[in-house]
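Engineer:
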Amino acid sequence: MRFAPAAADVVGFLAMEISFPQHGKPPERADLLPLLRAAGADLDALYARADAVRRAHCGEAVPIRAIVEFSNYCANGCLYCGLRASNAAPHRYRMAPAEILAAARQIAAAGIAGTVVLQAGETPGYSDEDLASVVRRIKTETPALAITLSVGNRPRDVYARWRDAGMDRYLLRFETSAPDLFARLHPDCTLAARLQCLRDLKSLGVQTGSGFMIGLPGETIEILADNILLCREFDFDMIGIGPYVPNPDTPLGDQPNAYAADPDMFFRALAVLRLANPDAHIPATTAFDAVFPNGRDLALQRGANVFMPNATPSPLRKDYQLYPGKPCIDEDATDCARCVQARLHALGRPVAQGPAHSLKRPPTTR
Ligand code: 5AD
Ligand code: FES
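Be aware that the sequence shown starts at 1, since it is given in the numbering used here, and climbs by one per residue.
(1) Apply the 10 Å Cβ neighbour rule to Pro248 and answer buried if 16 or more other Cβ atoms are within range, or exposed otherwise.
(2) With a Cβ-Cβ cutoff of 9 Å, do Val306 and His345 count as a contact?
(3) Put Pro283 into one of helix, strand or coil per three-state DSSP.
(4) Do you know how far the Cα of Phe234 is from the Cα of Phe174?
(5) Hey, Thr250 and Leu216 are a contact pair by Cβ (cut 8 Å); roughly how many whole angstroms apart?
(6) Candidates Gly152, Ala284 and Arg268: which alpha carbon is nearest Leu35's?
(7) Could you compute how far the alpha carbon of Asp31 sits from the alpha carbon of Ala260?
(8) Thinking C-beta only, is Ser210 closer than 9 Å to Ile228?
(9) Compare the C-alpha of Gly245 against each of Leu201, Gly325 and Glu219 and name the closest.
(10) Please list the segments of the alpha helix (DSSP H) lying wholly inside the stretch 93-128, counting only runs of 4 or more residues, in order along the chain.
(11) What is the residue span of the alpha helix (DSSP H) that Glu233 lies within?
(12) The ligand 5AD and Val245: does the residue's C-beta get closer than 8 Å to at least one heavy atom of that ligand?
(13) State the beta-bridge partners of Thr312 as determined by DSSP.
(14) State the CB to CB distance for the pair Tyr73 and Pro124, rounded to an integer number of angstroms; the pair is presumed to be in contact (CB under 8 Å).
(15) Have a look at Leu273, Leu300, Pro243 and Val272 and flag the residue whose alpha-carbon is nearest the alpha-carbon of Phe266.
(16) Could you name the residues of the same chain whose beta carbon sits closer than 8 Å to that of Ala56, not counting the 5 residues immediately before and after it, in chain order?
(17) With three or more C-beta pairs closer than 8 Å as the rule, is the stretch 90-108 touching the stretch 148-161?
(18) Go ahead and pull the three-state DSSP assignment for Arg84.
(19) Let me make sure I understand the geometry here. Which of Asp335, Cys81, Cys197 and Ala258 has the alpha-carbon closest to that of Asp157?
(20) Suppose the cutoff is 7 Å on Cβ atoms and the five residues either side in sequence are ignored; what does the same chain contact list for Arg161 look like?
(21) So who's on the other strand from Phe267, going by DSSP bridges?
(22) Which whole-angstrom value describes the C-beta separation of Val351 and Ala61, a residue pair presumed to lie in contact below a C-beta threshold of 8 Å?
(23) Tell me which residues share the same chain as Pro313 and place their Cβ nearer than 8 Å to its Cβ, disregarding the 5 neighbours each side in the sequence.
(24) May I ask whether a heavy atom of the ligand FES can be found less than 8 Å away from the beta carbon of Arg343?
(25) Using only the alpha-carbon positions, how far apart do Leu79 and Leu171 sit?
(26) Kindly indicate which three-state DSSP category Gly40 falls into: helix, strand or coil?
(27) Starting from Thr140, follow its DSSP beta bridges and name the residues at the other end.
(28) Starting from Gln207, follow the beta strand (DSSP E) in both directions and report where the run begins and ends.
(29) Going by the C-beta, is Arg119 closer than 8 Å to any heavy atom of the ligand 5AD?
(30) Kindly give me the distance between the Cβ atoms of Ala356 and Gly114, rounded to whole angstroms, as I take these residues to be in contact under 8 Å.
(31) Would you report the Cα separation of Ala276 and Arg232, rounded to the nearest angstrom?
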């Protein structure tokens, strides 16, 4: 009888090739596609491999980054997003600098998260100097907290100014690597401009996070593979990906996720992302909870290593609905902090201490 390797061995071999590129050439689209089609025992092997690569490169401890959604004003009109300017549904809010500071103080006092992530719509109604001043004050008052900003495309000199104020990191997803799909979904921005912002951030020495949505209408499995390869090419410090969730208050509301019939694809994408980016911080994003019961817990077992609880003051949370089914709308920051500890305890994963900077370069000394 001819020797035929078990299917799971083939997946294991491909997975090994991708996570240790020094053993061969860098992965290409064709290398990723079989993994993105894995099923049955192959799929189990893929998840196990992703979890092992995560453990080897990132360890067991889970960095906690608390998100403060400090304004839902946005001037843009991304076709999928609940914050788009023309959506009348959310009540628009803007936290005062003193309120943002109070939230950061609370996060530092709770002692669970090592990072505060300040996220808002693009053009949220603060001047560049307003935000620099908020960053400076948080850095002065709570120097142990790393600070991440996420407010969209900005000129390089603005990023530089925020970095000089104490910003450690920036999050800006490229959303999709397909230029025509990007153009269709973003009336206010091109993929080239978005990628230039990411290059600017990297060149400034800001720890840079990016990522994409999984299953945008019009996405193919080839585009998904290219999204993963683009993350690898940029060598991002952090990569956040999550399922696209149709929002009925947006023009795309009636268009289902491209993988609605195959939700395993969300986790395949995550596992392959980990194999192709062994030492990136990869969060278990909230959108996983929106499409799958305990989705974030599963994500932590299939490649993700970071958890990002919501620390937005609870009355405001219902108005930061990028998509329906976003978790933790009725909880407050204390609930989420407790919930995270319980979730991680159940998974046997300790909370990481300190800011948990990029694994790709020495921590900043600020
Ligand atoms: N479904 C899933 N994710 C979404 N985002 C925005 N709208 C949606 C949606 N309908 C994601 C985008 C953005 C991040 C803040 O939220 O990827 O970068
Ligand atoms: Fe918010 Fe679980 S993380 S309630």
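All C-beta atoms, glycine included, are put in the ideal place defined by N, C-alpha and C.
Structural biologist: Put simply:
(1) Position 248 of the sequence shown, counting from 1, holds the residue named residue 248. That one is exposed.
(2) Residue mapping note: residue 306 aligns to position 306 of the sequence shown, counting from 1. Residue mapping note: residue 345 aligns to position 345 of the sequence shown, counting from 1. No; because the gap between Cβ atoms is not below 9 Å, this pair is not in contact.
(3) Taking the first residue of the sequence shown as 1, we reach residue 283 at position 283. Strand, per DSSP.
(4) Position 174 of the sequence shown, counted from the start, is the residue given in the question as residue 174. Position 234 of the sequence shown, counted from the start, is the residue given in the question as residue 234. Going from the Cα of Phe174 to the Cα of Phe234 covers about 11 Å.
(5) On the sequence shown, residue 250 is found 250 positions in, with the first residue counted as 1. On the sequence shown, residue 216 is found 216 positions in, with the first residue counted as 1. No, Thr250 and Leu216 are not in contact; Cβ-Cβ is about 12 Å, not under 8 Å.
(6) In the sequence shown, the residue the question calls residue 35 occupies position 35. Ranking Gly152, Ala284 and Arg268 by Cα distance to Leu35 puts Arg268 first.
(7) Counting from 1 along the sequence shown, the entry for residue 31 is found at position 31. Counting from 1 along the sequence shown, the entry for residue 260 is found at position 260. If you take the alpha carbons of Asp31 and Ala260, they lie about 24 Å apart.
(8) Against the sequence shown, residue 228 aligns to sequence position 228. Against the sequence shown, residue 210 aligns to sequence position 210. Not in contact: Ile228 and Ser210 (Cβ atoms no closer than 9 Å).
(9) Within the sequence shown, residue 245 is the residue found at index 245, counting from 1. The residue you asked about is not Gly; residue 245 is Val in the sequence shown. Out of Leu201, Gly325 and Glu219, Gly325 has the C-alpha closest to the C-alpha of Val245.
(10) 97-110
(11) The sequence position of residue 233 within the sequence shown is 233, counting from 1. Ile221 to Phe234 is the span of the alpha helix (DSSP H), which, as asked, contains Glu233.
(12) Mapped onto the sequence shown, residue 245 falls at position 245. Remark: the shortest separation between the CB of Val245 and any heavy atom of the ligand 5AD falls under 8 Å.
(13) Numbered from its first residue, the sequence shown carries residue 312 at position 312. According to DSSP, Thr312 shares a beta bridge with no other residue.
(14) Your numbering for residue 73 matches position 73 in the sequence shown. Your numbering for residue 124 matches position 124 in the sequence shown. Indeed they touch by this definition, with Cβ atoms about 5 Å apart.
(15) Translated into positions along the sequence shown, residue 266 becomes position 266. Residue Pro243 is the option with its Cα nearest to Phe266.
(16) As a first step, residue 56 is located in the sequence shown; it is residue number 56 there, counting from the start. Excluding positions up to five away in sequence, the list reads Pro278.
(17) no
(18) To locate residue 84, count along the sequence shown from 1; it is residue 84. When DSSP states are grouped into helix, strand and coil, Arg84 belongs to the coil group.
(19) What you label residue 157 is simply residue 157 of the sequence shown in a count that begins at 1. Among Asp335, Cys81, Cys197 and Ala258, the Cα nearest to that of Asp157 belongs to Cys197.
(20) As a first step, residue 161 must be located in the sequence shown, where it is residue number 161. Cβ neighbours of Arg161 beyond the five flanking positions: Asp128 and Ala132.
(21) One-based indexing of the sequence shown puts residue 267 at position 267. DSSP, once it has assigned bridges, lists no residue as partnering Phe267.
(22) Along the sequence shown, read from residue 1 onward, the residue named residue 351 stands at position 351. Along the sequence shown, read from residue 1 onward, the residue named residue 61 stands at position 61. About 7 Å; that satisfies the 8 Å criterion.
(23) On the sequence shown, residue 313 is found 313 positions in, with the first residue counted as 1. These residues qualify, in order along the chain: Met95, Glu99, Ala103, Asp332 and Ala333.
(24) What you label residue 343 is simply residue 343 of the sequence shown in a count that begins at 1. Yes, the beta carbon of Arg343 sits closer than 8 Å to at least one heavy atom of the ligand FES.
(25) Locating residue 79 in the sequence shown gives position 79, where the first residue counts as 1. Locating residue 171 in the sequence shown gives position 171, where the first residue counts as 1. Rounded to whole angstroms, Leu79 to Leu171 spans 20 Å at the Cα level.
(26) Stepping through the sequence shown from its first residue, residue 40 is reached at position 40. Helix.
(27) Numbered from 1 along the sequence shown, position 140 holds the residue referred to as residue 140. DSSP, once it has assigned bridges, lists no residue as partnering Thr140.
(28) Taking the sequence shown and counting its residues from 1, one reaches residue 207 at position 207. Unbroken beta strand (DSSP E) run through Gln207: Gln207 to Ile214.
(29) Position 119 of the sequence shown, counting from 1, holds the residue named residue 119. Sequence inspection shows Gln at residue 119; the Arg mentioned does not correspond to that position. Under cutoff, so the answer is yes.
(30) One-based indexing of the sequence shown puts residue 356 at position 356. One-based indexing of the sequence shown puts residue 114 at position 114. With 8 Å as the limit, Ala356 and Gly114 qualify as a contact, their Cβ atoms being about 5 Å apart.
(31) The residue you call residue 276 lines up with position 276 of the sequence shown. The residue you call residue 232 lines up with position 232 of the sequence shown. When the Cα atoms are used, Ala276 and Arg232 turn out to be separated by approximately 6 Å.
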